[in-house]
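Enquirer: The letter at position 122 of the sequence shown is residue 155 when you use the working numbering, and the numbering goes up by one with no holes. Glycine included, every Cβ here is placed at the ideal spot set by N, Cα and C. Quick one: structure below, then a few questions.
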Amino acid sequence: MDARIVGWGHTKFGRLEESSLEDMIVDVTKEAVAHAGVDYADIDGIWLGNFNAGLVPDGFASSLALHADEALRFTPATRVENACASGAAALYSARAAIQAGQAKVALVIGAEKMTSQTTQGVTEALASASYNKEEAGTSFPQIFARFAQAYFQEYGDQSATLAKIAAKNHANAMNNPLAHLRKDVGFEACNTVSDRNPIIAAPLRMTDCSLISDGAAAIILAADDVADDMAHNIGFRAATQINDYLPMSRRDVLAFEGPAKAIHNSLSSAGVSLEDINFAEVHDCFTIAELLIYEAMGLAPKGQGARAINEGHVFADGKLPVNVSGGLKAKGHPVGATGVSMHVLAAQQLAGKAGDMQLSNAELGMVFNMGGSGVANFCSILENRG
């Protein structure tokens with residue numbers, strides 16, 4: 034027995050000043066339930082991906098989904114936290130319950146309210162996802178700047194490559210009506226340090242960093258025997274979680290071993306190669322992360338990730354489009370929502386319901402969601418079973 038994605042909901046990402054965490058959770062719950070065509074009373078469990086770490090006072094948010102409909106009262110609800118991979122962790126937990134026969138229909142939500150805090154407050158909250166015994170006082174831009182510094186030292190200055198990645202994802206977001214920043218910034222602006230694009234943590238510029246966003250996404254999972262009668266039917270060919278050491282001091286940052294193992298274990302489990310994958314939504318919290326993911330995927334050898342974008346492979350019309358949604362870079366990165374959002378976007382592609390983002394040959398999709406600095410790594414390979 035396995036689970037399939039049979040419905041979904043997704044708010045716009047951005048500065049949602051009129052929406053609280055509760056509002057977003059309730060909104061996507063209603064949208065996903067309606068989209069799946071299930072009854073609230075049929076939902077056997079709720080899993081909420083939500084990082085929080087002081088971003089909002091609602092530290093016990095799992096039961097907020099019950100406010101969507103009275104029929105949800107007394108439904109088991111659990112908050113799942115795994116840093117920026119909290120959404121994927123919630124999805125995998127719900128899938129495991131269905132595989133174990135403990136649920137037939139599950140509601141998975143990812144949600145985060147970030148803009149209630151100042152930039153400094155968000156920075157401090159996110160920093161709690163690092164190894165504070167050694168990395169206290171280091172922001173996540175500074176952490177990923179260490180990746181970039183090590184990469185540049187080993188393979189030469191890749192600032193232009195990072196700018197190309199940023200420009201690609203901003204251009205892609207123009208086709209995503211739910212993206213936080215729908216603006217084609219262009220390569221020159223991304224590659225130029227200016228008042229509007231300052232250095233945040235050398236060598237990373239503002240355009241190398243993902244956005245501080247509010248937003249939520251939701252998925253209805255159903256067991257195989259229930260999903261057969263559903264209008265939407267997206268199955269898991271594979272789903273792999275790999276956790277690595279939390280301290281950066283215990284890892285070779287350029288090896289990016291956790292992400293690489295998650296991706297290649299999923300490919301192996303699915304019985305496919307990278308050449309069989311038609312598109313990927315990956316965790317570009319910083320442009321250097323997307324560059325390293327190209328190499329972790331096997332799109333290019335170590336130190337040659339620039340080839341993936343210079344040769345056009347990762348563009349919408351390339352052999353493996355990456356982040357046609359705009360990615361975290363332009364779609365936005367409401368931390369707990371991200372992993373669920375990525376799976377929703379992949380499901381839409383596979384169902385042929387991605388609107389202006391739709392690819393012509395979307396038969397097998399990859400999702401890679403990452404928590405921390407390559408610590409919690411989740412890779413799904415999805416296909417349409419309809």
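1. Using three-state DSSP, classify His-265 as helix, strand or coil.
2. Just how far apart, CA to CA, sit Lys-40 and Ala-183?
3. Given Gly-134, which residues of its chain have a CB within under 8 Å of its CB, disregarding the five upstream and five downstream residues?
4. CB-CB under 7 Å to Ala-235, same chain, minus the five flanking residues each way: which ones, in chain order?
5. Quick check: the Cα distance between Ala-199 and Cys-223, rounded to an integer number of angstroms?
6. Are Ala-118 and Phe-411 close, meaning C-beta to C-beta below 8 Å?
7. Does the pairing of the stretch 79-98 with the stretch 209-221 give three or more beta-carbon distances under 8 Å?
8. Does DSSP classify Thr-151 as helix, strand or coil?
9. Keeping to the same chain, check which residues put their C-beta closer than 6 Å to that of Met-13; ignore five residues upstream and five downstream.
10. What's the C-alpha gap between Ser-306 and Gln-150?
11. Report, in whole angstroms, the separation of the C-beta atoms of Val-155 and Leu-88, which I expect to be a contact under 8 Å.
12. Indicate whether Ile-38 and His-376 have their beta-carbon atoms separated by less than 8 Å.
13. Given a cut-off of 8 Å on the beta-carbon distance, is the pair Arg-128 and Gly-268 in contact?
14. From Ala-86, Ile-321, Ser-299 and Met-239, pick the residue whose C-alpha is nearest to that of Leu-159; which is it?
15. What residue from Ile-76, Ser-393 and Glu-55 has the CA that sits closest to Arg-106's CA?
16. Taking contact to mean 3 or more Cβ pairs, one atom from each stretch, closer than 8 Å, check whether the stretch 355-368 and the stretch 311-327 are in contact.
17. Specify, as a first and last residue, the run of the alpha helix (DSSP H) that Cys-318 falls within.
18. Along the beta strand (DSSP E) that carries Cys-412, what are the first and last residues, could you check?
19. Unbroken beta strand (DSSP E) runs of length 3 or more, entirely within the stretch 96-124: which are they?
20. Assuming Arg-48 and Asp-247 are in contact, meaning their beta carbons sit under 8 Å apart, how far apart are those beta carbons, in whole angstroms?
21. What are the uninterrupted segments assigned as alpha helix (DSSP H) that are 4 or more residues long and contained completely in the stretch 139-188, given in chain order?
22. Using a threshold of 8 Å, state whether the C-beta atoms of Gly-70 and Ala-139 are closer than that.
23. Leaving aside the five residues before and after Asp-309 along the sequence, list all residues of the same chain whose C-beta is less than 7 Å from its C-beta, in chain order.
Expert: From the atom records:
1. Here residue 265 is taken as the residue at index 232 of the sequence shown, counted from 1. Reduced to three states, the DSSP call for His-265 is coil.
2. The residue you call residue 40 lines up with position 7 of the sequence shown. The residue you call residue 183 lines up with position 150 of the sequence shown. At residue 40 the sequence reads Gly, which differs from the Lys that was named. Distance between the alpha carbons of Gly-40 and Ala-183 is about 42 Å.
3. Numbered from 1 along the sequence shown, position 101 holds the residue referred to as residue 134. Within the same chain, Gly-134 has close Cβ partners Met-34.
4. Counting from 1 along the sequence shown, the entry for residue 235 is found at position 202. These residues qualify, in order along the chain: Ala-178.
5. For the purposes of this step, residue 199 is identified with residue 166 of the sequence shown, where counting begins at 1. For the purposes of this step, residue 223 is identified with residue 190 of the sequence shown, where counting begins at 1. Those two C-alpha atoms are separated by around 7 Å.
6. Taking the sequence shown and counting its residues from 1, one reaches residue 118 at position 85. Taking the sequence shown and counting its residues from 1, one reaches residue 411 at position 378. Yes, the pair counts as a contact, with Cβ atoms nearer than the cut-off.
7. no
8. Your numbering for residue 151 matches position 118 in the sequence shown. Thr-151 falls in the coil class under three-state DSSP.
9. Residue 13 is absent from the structure shown; the chain starts at 34 and stops at 419.
10. Position 273 of the sequence shown holds residue 306. Position 117 of the sequence shown holds residue 150. Their backbone Cα atoms lie some 43 Å apart in a straight line.
11. To locate residue 155, count along the sequence shown from 1; it is residue 122. To locate residue 88, count along the sequence shown from 1; it is residue 55. Confirmed, about 7 Å.
12. Sequence index remark: in the sequence shown, residue 38 carries index 5 (1-based). Sequence index remark: in the sequence shown, residue 376 carries index 343 (1-based). It is a contact, given that the beta carbons lie within the stated cut-off.
13. Within the sequence shown, residue 128 is the residue found at index 95, counting from 1. Within the sequence shown, residue 268 is the residue found at index 235, counting from 1. It is not a contact, given that the beta carbons lie outside the stated cut-off.
14. As a position in the sequence shown, residue 159 is number 126, starting the count at 1. Leu-159 has its Cα closest to that of Ala-86, out of Ala-86, Ile-321, Ser-299 and Met-239.
15. For this step, residue 106 is matched to residue 73 along the sequence shown. It is Ile-76 whose Cα lies nearest to the Cα of Arg-106.
16. yes
17. By one-based count along the sequence shown, residue 318 stands at place 285. Run containing Cys-318: none; DSSP gives neither H nor E here.
18. Looking up residue 412 in the sequence shown gives position 379. Taken as a continuous stretch (DSSP letters only), the beta strand (DSSP E) holding Cys-412 covers 409-417.
19. 110-113
20. As a first step, residue 48 is located in the sequence shown; it is residue number 15 there, counting from the start. As a first step, residue 247 is located in the sequence shown; it is residue number 214 there, counting from the start. So it is a contact: roughly 6 Å between Cβ atoms.
21. 152-160, 165-168 and 173-188
22. The residue you call residue 70 lines up with position 37 of the sequence shown. The residue you call residue 139 lines up with position 106 of the sequence shown. Not in contact: Gly-70 and Ala-139 (Cβ atoms no closer than 8 Å).
23. Walking along the sequence shown from the start, residue 309 turns up at place 276. Only Leu-397 meet the Cβ criterion.
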